[in-house]
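Following our numbering from start to finish, the sequence shown increments by one per residue and tops out at 373. A virtual CB, placed ideally from N, CA and C, is assigned to each residue, including glycine. Worksheet: the structure to be examined is printed underneath.
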Amino acid sequence: SQIQVPKTMKAIQVDKPGGPEVNVLREIPVPTPKEDEVLVKVQWTGVNYIDNYFRQGLYPKEFPYTVGGDAVGTLVSTPSNSKYKAGQRIFTTAGSSFAEYLVAPTSRIAVLPDDIDARDGVSMGTQALTALYLLKESYEVKKGDWILVRAAAGGVGLILIQIAKYLGVNVIGTVSTPDKAELAKQYGADHVVLTTTPSADNVAEINKLSGGGVHAVYDGVGKDTWEENFELIRRKGTIVTYGNASGPVPSFAPLKLSPKSLKVTRPSLFSVISTAEEYEWYTTELVKIVRDGKIKFAVHKEYELTAEDVAQAQKDIASRGTTGKLLVHVSD
Ligand code: NDP
Numbered sequence: 042s043q044i045q046v047p048k049t050m051k052a053i054q055v056d057k058p059g060g061p062e063v064n065v066l067r068e069i070p071v072p073t074p075k076e077d078e079v080l081v082k083v084q085w086t087g088v089n090y091i092d093n094y095f096r097q098g099l100y101p102k103e104f105p106y107t108v109g110g111d112a113v114g115t116l117v118s119t120p121s122n123s124k125y126k127a128g129q130r131i132f133t134t135a136g137s138s139f140a141e142y143l144v145a146p147t148s149r150i151a152v153l154p155d156d157i158d159a160r161d162g163v164s165m166g167t168q169a170l171t172a173l174y175l176l177k178e179s180y181e182v183k184k185g186d187w188i189l190v191r192a193a194a195g196g197v198g199l200i201l202i203q204i205a206k207y208l209g210v211n212v213i214g215t216v217s218t219p220d221k222a223e224l225a226k227q228y229g230a231d232h233v234v235l236t237t238t239p240s241a242d243n244v245a246e247i248n249k250l251s252g253g254g255v256h257a258v259y260d261g262v263g264k265d266t267w268e269e270n271f272e273l274i275r276r277k278g279t280i281v282t283y284g285n286a287s288g289p290v291p292s293f294a295p296l297k298l299s300p301k302s303l304k305v306t307r308p309s310l311f312s313v314i315s316t317a318e319e320y321e322w323y324t325t326e327l328v329k330i331v332r333d334g335k336i337k338f339a340v341h342k343e344y345e346l347t348a349e350d351v352a353q354a355q356k357d358i359a360s361r362g363t364t365g366k367l368l369v370h371v372s373d
């Protein structure tokens, strides 16, 4: 059945850098897809930590913009020569997703198979694709490796743990509360240490558990945990710094890497999974792992597409009180 597309739609926009209160709900024109783009009727979208970086001006963004990264929805129109058909359910990381409709290039969408829940498909956007590329490319894990996952009970964290376990890796997580530790263990972490424990004790324990330091650290926390990473990584290990939840990592001299001959990488989803081929490879691999590995997607809470709810959700994720995904319901 064909979806009747209205002229205007509800969308959450930001006009200027600021706190969560700068999110506004607007009625704006439904976007018109270009030649290689699809029009998507959004069903669910979700909050990512990066929404805060854009809103605060830490990452470059032109104002005004429509908020949001990933979404699950139904294709309304597709380019005539594409393999996609109207009516198909897709997941995407194309952005501008806090809206009733979005446009996406065909190179940034993937079919969401019928056996996968729409809400799970939102977590499969930014957060699961990130977890997957971190483990496949930023440091490619091998069976039996030891890794450290920071913010292990977060959106990316809980997925990273599960994919790492699926790949045969030993996982140590770090979290800030006992409840989060329990959750990270439920999702498969072999060991979890609390960031409230003195750093020297955690470093000693991690070095002991891993037999002399972890092969890789996956760190989305940034500033607060940067120095500690150098004490719990093993010789020739890789520090993957992929986020700034506590603030950006300070500059450092390459000589800092020489005592253990370390590698440091600072990847971003958009530059790692960039071409149509990469997008197809990663989304296909992800669907396979989600099915074979029975990956579970934790949901912290469901919010509505209102300025109040979106502001609250962004406050919640920044306040360290959330675990898993913060979903935003857009349409049935
Ligand atoms: P999370 O659900 O993981 O939320 C952030 C978590 O960071 C918090 O729950 C908290 O866990 C931890 N944290 C530690 N210190 C602070 C602090 N001072 N303030 C706030 N939080 C803190 O968010 P996401 O899953 O959306 O993202 C995780 C990280 O990954 C973010 O930094 C994000 O930007 C990054 N990211 C990077 C991508 C990339 O390609 N480079 C793509 C996707 C995400 P705890 O309380 O347990 O410490």
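- Ser309 has no beta-bridge partner at all, per DSSP.
- Counting along the chain, Ile188 sits inside the beta strand (DSSP E) bounded by residues Trp187 to Arg191.
- Under the criterion of beta carbons closer than 8 Å, Ile188 and Ala205 qualify as touching, at roughly 6 Å.
- For Gly114, the three-state secondary structure derived from DSSP is strand.
- Taking the Cβ atoms as the reference, Lys264 lies roughly 17 Å from Asn243, outside the contact range of under 8 Å.
- The beta-carbon separation of Arg149 and Tyr320, rounded to 6 Å, stays under the 8 Å limit for a contact.
- Shortest gap from the CB of Asn89 to any heavy atom of the ligand NDP: under 6 Å.
- Contact annotation: Gln168 and Val152 have beta-carbon atoms that are not nearer than 7 Å.
- Looking from the CA of Ala194, the closest CA among Leu170, Gly209, Tyr174 and Ala230 belongs to Ala230.
- Taking the CA atoms as reference points, Ile247 sits about 37 Å from Tyr344.
- Counting only the Cα atoms, Thr134 lies some 24 Å from Leu208.
- In the DSSP assignment, Asp220 is bridged to no other residue.
- At least one heavy atom of the ligand NDP falls within 6 Å of the beta-carbon of Tyr283.
- DSSP places Val369 within a strand segment (E or B) once states are collapsed to three.
- In the three-state scheme derived from DSSP, where H, G and I count as helix and E and B as strand, Leu199 is classed as helix.
- Its Cα nearest to that of Ile358, the residue Gly87 stands out among Glu318, Asp220, Lys335 and Gly87.
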